[in-house]
Amino acid sequence: EVKIIIDGKEVHVAKGSTVLDAAKKIGVDIPTLCHLDLHDTKMVNQAASCRVCVVEVEGRRNLAPSCATPVVEGMVVKTNTIRVMEARKTVLELLVSDHPKECLSCAKAGDCELQDLTELCGLRGDSISGTAMSTYKKDITPSLIRDMDKCVLCRRCETMCNKVQEVGALSGINRGFNAVVSSAFELPMAETVCTHCGQCVAVCPTGALTEMNHTWKVVEALADPTKTVIVQTAPAVRVALGEEFGNEPGSIVTGKMVSALKAIGFDHVFDTDFTADLTILEEGTELLERLENFLEGKEGPSLPILTSCCPAWVNFVESQFHELIDIPSTARSPQQMFGSVAKTYFADKLGIKREDLVVVSVMPCLAKKFEASREEFAVDGNPDVDLVMSTRELADLIKQMNIDMEELEESEFDNPLGMSTGAGVIFGTTGGVIEAAVRTAYEVRTKKPLPKIDFEELRGFDGVRVASVAMDDVVLNIGIAHGLGNAKALLTEIRDGNPRNIHAVEVMACPGGCIGGAGQPYHHGDSSILMKRQAAIYQVDKNMPIRKSHENPAIAEIYEKFLGKPLSEKAHHLLHTHYHM
Ligand code: HC0
Ligand code: SF4
3 EVKIIIDGKE VHVAKGSTVL DAAKKIGVDI PTLCHLDLHD TKMVNQAASC
53 RVCVVEVEGR RNLAPSCATP VVEGMVVKTN TIRVMEARKT VLELLVSDHP
103 KECLSCAKAG DCELQDLTEL CGLRGDSISG TAMSTYKKDI TPSLIRDMDK
153 CVLCRRCETM CNKVQEVGAL SGINRGFNAV VSSAFELPMA ETVCTHCGQC
203 VAVCPTGALT EMNHTWKVVE ALADPTKTVI VQTAPAVRVA LGEEFGNEPG
253 SIVTGKMVSA LKAIGFDHVF DTDFTADLTI LEEGTELLER LENFLEGKEG
303 PSLPILTSCC PAWVNFVESQ FHELIDIPST ARSPQQMFGS VAKTYFADKL
353 GIKREDLVVV SVMPCLAKKF EASREEFAVD GNPDVDLVMS TRELADLIKQ
403 MNIDMEELEE SEFDNPLGMS TGAGVIFGTT GGVIEAAVRT AYEVRTKKPL
453 PKIDFEELRG FDGVRVASVA MDDVVLNIGI AHGLGNAKAL LTEIRDGNPR
503 NIHAVEVMAC PGGCIGGAGQ PYHHGDSSIL MKRQAAIYQV DKNMPIRKSH
553 ENPAIAEIYE KFLGKPLSEK AHHLLHTHYH M
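Going by full-length UniProt numbering, the first residue of the sequence shown is number 3, and it counts up by one from there.
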């Protein structure tokens, strides 16, 4: 331990801590901009480039960036001298002089860290001078919008893309006023290895990286009297949406969310958890078939099998792991299974044409926007899922429509596509998809009830986890990775000989799984928020009357009335896919 004094207060911290860590410990808020440090994850940005966090250290001539200055025994630090405040202001004035003054219409308005800082530091009128030159064209993909005129070179996106996700789509280019973080050769993102995971958006402090917004298109669809508009909500949305309305992280707002969606005017409010259960029936059956092939050395697809519901993960495998392209399950994601079932089974039930049914998703994810736009998930040009809103976009729409979340009563999802189990909801956290699959695979294979529903060995927050699950005579070795960098390590191990003999792998591209998706309320660098959302997911599961996908009566019904059985020809046609190289 090291003792230092900050603004006259004594603090004891571990050796190796920074002045910023020490200040946090005693509640002294040093403003930061480029800094990012989600403890227990690889999400650490050590650029120390912005110099917003400078402090005065007694005995040193120059101001020191607190995020990069290690504590030394007896150090005396001041965070609020005139010299510090002036330096901070000058840094901000410089940043702002070259920044577009679009704050009224910027997608990030209200959530912009640069805006917060200029307000905090008292930049007013005359101090905000300079006319920013527009140097860059906006780059638009189905998932995100890059507006590099608003880049402040904090390099958080670069850290996320290169160090955490290990995708390598972004890096610093050019010099001087033209310096930005961009793709190699400044190619449009759609032409790069970008997976659309959106983690760069999740950490961008300004409006340089934002999501492709579908909210207004949803409003227009709702106002069109010729359309029936239905909505599905992803598992992880219900444990994060409340944060946008001042609830504690980890608050479960399922019932109010459903009421809000009804108040917005959706004709039917359904649940992606229903098709998560359906995914388990398809993917679980596929797992058992491939296990038989594996055990008996038969022809055909064998093990290992990879889960395929995370669209950024699918993009990653397609662009960076060609040699493993035959391993992912062919099951479509729950979002796409929902779209497919809605535009066939449910449209038939309503007696309307698919063109007159608009399917909207609310997702914690930005890659889901890309996934919905893939050609293979459309019929004659009409997509299975028409529009995808992020959790943040839904929160904005609720506010814009003057709906009071506090006041709303709770209500239930509609049927038949709204009935789900605890297995469906745990899809929203790392480890959940494979736990849901194991719950079903175990009972189907052994024909015995599970002695214990909770598979604690598959849970947790470590980036790569490996655990074994016994199903009578066979032991399945299961690998779990979250964050694409971790997935890369696990996949590389499997490709290069699979020394741990892993049979089934779950990957979620975002740290934490969907709870940490790039469409969720901004975590502003606080990893405890992700942990609380994860705990809430398991709580929702615990509270459910049914916790195994194969016991969902609505799933039994859709097989009986429409699909036949898992992996039937119809199921293959509507619920499975193929991958591109
Ligand atoms: Fe997920 Fe999903 S669990 S990817 O994390 O599988 O986005 O929440 O909706 O589709 O169900 C996201 C979350 C989903 C899908 C489901 C899966
Ligand atoms: Fe990298 Fe993901 Fe951003 Fe694409 S969306 S640039 S893969 S961090």
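Each residue gets a CB set at the ideal place from its N, CA and C atoms; glycine is no exception. Just so you know, these numbers come straight off a predicted model, no measurement behind them.
- Distances taken from the Cβ of Pro-501 to the heavy atoms of ligand 1 include none shorter than 7 Å.
- Counted as a single uninterrupted DSSP element, the stretch harbouring Ala-16 is not any alpha helix (DSSP H), since DSSP gives it neither H nor E.
- For Lys-544, the enclosing alpha helix (DSSP H) stretches over residues 529-545.
- The DSSP-derived three-state label of Pro-523 is coil.
- Here Arg-53 has Pro-67 and Val-93 as same chain residues with Cβ atoms under 7 Å from its own Cβ, once five neighbours each way along the sequence are excluded.
- When rounded, the separation of the alpha-carbon atoms in Leu-38 and Val-169 is 19 Å.
- For Asn-47, the secondary structure class from DSSP, reduced to helix, strand or coil, is strand.
- Looking at the backbone, the Cα of Leu-35 and that of Ala-278 are separated by about 39 Å.
- Leu-576 is a Cβ neighbour of Val-343, given a cutoff of 8 Å.
- In the DSSP assignment, Glu-357 falls outside any alpha helix (DSSP H) and carries neither an H nor an E.
- Among the bridge pairs identified by DSSP, Glu-213 is matched with Leu-146.
- In the three-state DSSP reduction, Glu-395 falls in the helix class (H, G or I).
- Distance from the C-beta of Gln-541 to the nearest heavy atom of ligand 2 is not below 7 Å.
- Taken through DSSP and simplified to helix, strand or coil, Ala-181 comes out as coil.
- With a contact defined as Cβ atoms closer than 8 Å, Val-435 and Thr-309 qualify at about 5 Å.
- Between Gly-286 and Thr-442, the CB-CB gap stays under 8 Å.
- At a threshold of 7 Å, Leu-155 does not count as near ligand 2, since its beta carbon sits no closer than that to any of the ligand's heavy atoms.
- The C-beta distance from Lys-351 to Val-361 rounds to 14 Å, too long to fall under 8 Å, and the pair is not in contact.
- Sorting Leu-22, Cys-55, Tyr-581 and Gly-61 by C-alpha distance to the C-alpha of His-324 places Tyr-581 at the top.
- By the C-beta criterion, the stretch 17-32 is judged not to be in contact with the stretch 494-508, since fewer than 3 inter-stretch pairs fall below 8 Å.
- The count of Cβ pairs closer than 8 Å, one atom from the stretch 457-466 and one from the stretch 314-331, stays below three, leaving the stretches out of contact.
- For Leu-289 and Lys-449, the gap between their C-alpha atoms comes out near 16 Å.
- Partner residues in the beta bridge of Arg-467, as assigned by DSSP, are Ile-482.
- At a cut-off of 7 Å, the beta-carbon of Ala-171 counts as near ligand 2: some heavy atom of the ligand is closer than that.
- Sixteen is the threshold: since fewer than 16 other Cβ atoms of the shown chains lie within 10 Å of the Cβ of Pro-547, the residue is exposed.
- Between Asp-269 and Thr-230, the CB-CB gap stays under 8 Å.
- Bounds of any alpha helix (DSSP H) do not take in Lys-80; it lies within the beta strand (DSSP E) bounded by 78-80.
- In this structure, Val-476 places its C-beta atom within 8 Å of the C-beta atom of Leu-297.
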